[in-house]
Structure formats: C-alpha cells, structure tokens
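Going down the list, the sequences are from chains A and B.
Following my numbering, the numbering of the first sequence begins with -9 at its first residue and continues without gaps.
Following my numbering, the numbering of the second sequence begins with -9 at its first residue and continues without gaps.
Don't be surprised by glycine CBs; every beta carbon is placed ideally from N, CA and C.
Keep in mind the model is a prediction, meaning the values are calculated, not measured.
2 protein chains.
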Amino acid sequence: MSCALCDTPAGAVLWQDDFCRVVSADEPDYPGFLRVILNAHIKEMTDLPVADQASLMRVVLAAEAALREVMAPDKINLASLGNVVPHLHWHVIPRYADDPHFPNPVWGEKKRDTPHAATGDLDALLAGALSRRLARARETE
Amino acid sequence: MSCALCDTPAGAVLWQDDFCRVVSADEPDYPGFLRVILNAHIKEMTDLPVADQASLMRVVLAAEAALREVMAPDKINLASLGNVVPHLHWHVIPRYADDPHFPNPVWGEKKRDTPHAATGDLDALLAGALSRRLARARETE
C-alpha cells in the first residue's frame, strides 16, 4: 500500500542517517515545526526493539534541544499520533503564548491569527544545531 | 505557585515509584487513557538529565505496551504538551477507528458519539500489566 512517509521525504530534510530523518514541516502557522520520521514502515514505538526506541527518542530530544537553542519557544510539544499515516513519526513543535492555538494543542481550536514569521535562514540554523547535537551524542555513546 | 500535578495525584494511581506515576485519566470518552506524570515539577524533557529522560520514556512505553496487551487498540497516541500545566506529563491514549475523534487527535474536531464502554476491572487489568512490565524492565537493567 502507498505510504506518504515511505514514498517521499515529507519535508525539507535537515538531518538524516540510515535509521531516521528530521524534516522541516511545511506548516505556515508554525515555523520550526519539525518531524522526526523513522525510515522503516513501522506503526508503534513498542513495535521497535528497545535499543531502537532509545535511538529514535535521542533524535526527537535533539530536535527539541535544537528548537530551544535556536528559537527559545515558551513550550515544546511532542506527539506521536499516526492515526492518518500509521508510519512512526514524531511531531516536535515550538509553541509561543501568542501563537495561533496556544494554549490549545495545534490540532485544537484556533484562538487567534498571529503566525510567527520565519527568519529566512531558520532551516539552516536548525540543521546546524541538530548536526552538532547528534554528533556529540554519538561520540559519548 | 499552585500546580495541579504537584498538589494532587491527578487520577487513579495504577503504578508509581519515587520518580513518576501512571494514572488513569478521568476521560469518559476514552477509557484506558493513561497519563505518566513526573513527580518533580520540571517543564521540558530536555530539562531532565539524559538518564532520567530514558527512565521516563521506559514508563511511557510500558504504558503503551500495557494498553496494547489489555485493550488491543487500533493505534496508540503519545503526547507531551504541557501548555496549560507546564509540569512534565505524557498522555498515552488507546485509539479506535470508531472512537469519538478518530482519525483526529483527541484534541481535534469530534467526529461521532461512540464512547467505548469501559469494563469494570479495566484499571486493575492495566495496573497488573504495568507492574509486570516495569518489574521485568528493572530486572534486565
């Protein structure tokens, strides 16, 4: 069966290895919205071996750390849902008190129209922060 | 400042240690909706030491495994948001194709009125599954 996360990168790739990738999601209201996508078509975290669960979370939390470093959001939201596309992926979302849905989840009721403008080089800054953090993590393993 | 997750258990406690607890959320549309709540008042995953991040995810994924064992849902949804209560907690939600919001997140638009009836001993079954899984995980550390 066709799967959008198997067939396409599903965003601008900011970091990748042979296990997973971090992409910049195309969400105009949410610049910096990242997705960490497992390369293999697997449905749930607990379908992965324990070591792979830890590897995937290491990348998810590197994405969180990169967003905090580059964007200093008021809160980070993490979610792995997969109801529509049952191929393991994590949403890593920088949230601000005045963003369109805050304090609701981005999937909830919209509260206001105040998209945060993305700086032109946001993807490059995030890619740099991710590479530094994931290189460092690998060295200390 | 007062915090609901510091001041109250915030649900029926199914499992706990000195680091975190698993509670059954009182969500009538979603029997089996679990929350894993860090005991300490900490805001983000990346505010925790790396070893504690791993410990918390071990409990989150034990909750996922317990729900799959006991309830066989169509999908598991995992999320750490904390926009309203910035005290680290994870939502672990069993989803069914005919539940009230599917395939939307539970925070999205409601699609239908079909709450799943909880069996009377659901909390006890989940508590048992959690205890077995978390005891096993500790032995193999």
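Notebook entry, point to check: Would residue -7 of chain A pass as a contact of residue 75 of chain A if the rule is Cβ separation under 8 Å?
Noted result: yes
Notebook entry, point to check: Sorted by chain position, which residues of the same chain lie with C-beta nearer than 6 Å to residue 23 of chain B's C-beta, five sequence neighbours on each side aside?
Noted result: 15, 17 and 83
Next item on the list: Determine the extent of the alpha helix (DSSP H) in which residue 57 of chain A is found, giving its start and end residues.
Entry: 40 to 61
Check: Does the beta carbon of residue 36 of chain B sit closer than 8 Å to a beta carbon anywhere in chain A?
Finding: yes
Item checked: Nearest neighbour of residue 122 of chain B, chosen from B:-3, B:60 and B:65 [CA to CA] -> B:60
Next item on the list: Measure the C-alpha to C-alpha separation of residue 44 of chain B and residue 107 of chain B and round it to an integer number of angstroms.
Entry: 34 Å
Notebook entry, point to check: Would DSSP call residue 138 of chain B helix, strand or coil?
Noted result: Any answer about residue 138 of chain B is impossible in this case: the structure gives chain B only from -9 up to 131.
Next item on the list: Note down, in chain order, every chain B residue with its Cβ under 7 Å from the Cβ of residue 132 of chain A.
Entry: Missing from the structure shown is residue 132 of chain A; chain A here goes from -9 to 131 and no further.
Item checked: Where residue 123 of chain A falls: helix, strand or coil (DSSP) -> helix
Checklist line | Anticipated Cβ contact below 8 Å, residue 98 of chain A with residue 5 of chain B, distance rounded | finding: About 29 Å; that fails the 8 Å criterion.
Next item on the list: Leaving aside the five residues before and after residue 1 of chain A along the sequence, list all residues of the same chain whose C-beta is less than 7 Å from its C-beta, in chain order.
Entry: 13, 14, 15, 16 and 25
Note to self: On the criterion of 16 or more Cβ atoms from any shown chain inside 10 Å, does residue 92 of chain B qualify as buried, or is it exposed?
What the structure shows: buried
Item checked: Residue from B:78, B:73 and B:57 whose Cα sits closest to the Cα of residue 9 of chain B -> B:78
Checklist line | Under 7 Å (Cβ pairs) to chain A, residues found in the region 46 to 70 of chain B | finding: 47, 51, 54, 55, 58, 65, 66, 67, 68, 69 and 70
Item checked: Residues of the region 71 to 87 of chain A with Cβ closer than 7 Å to any Cβ of chain B, in chain order -> 71, 72, 73, 74, 76 and 85
Checklist line | Host beta strand (DSSP E) of residue -6 of chain A (start-end) | finding: First-last for residue -6 of chain A: -6 to -3, but that is the alpha helix (DSSP H), not the beta strand (DSSP E).
Checklist line | CB contact flag (residue 11 of chain B, residue 27 of chain B, <8 Å) | finding: yes
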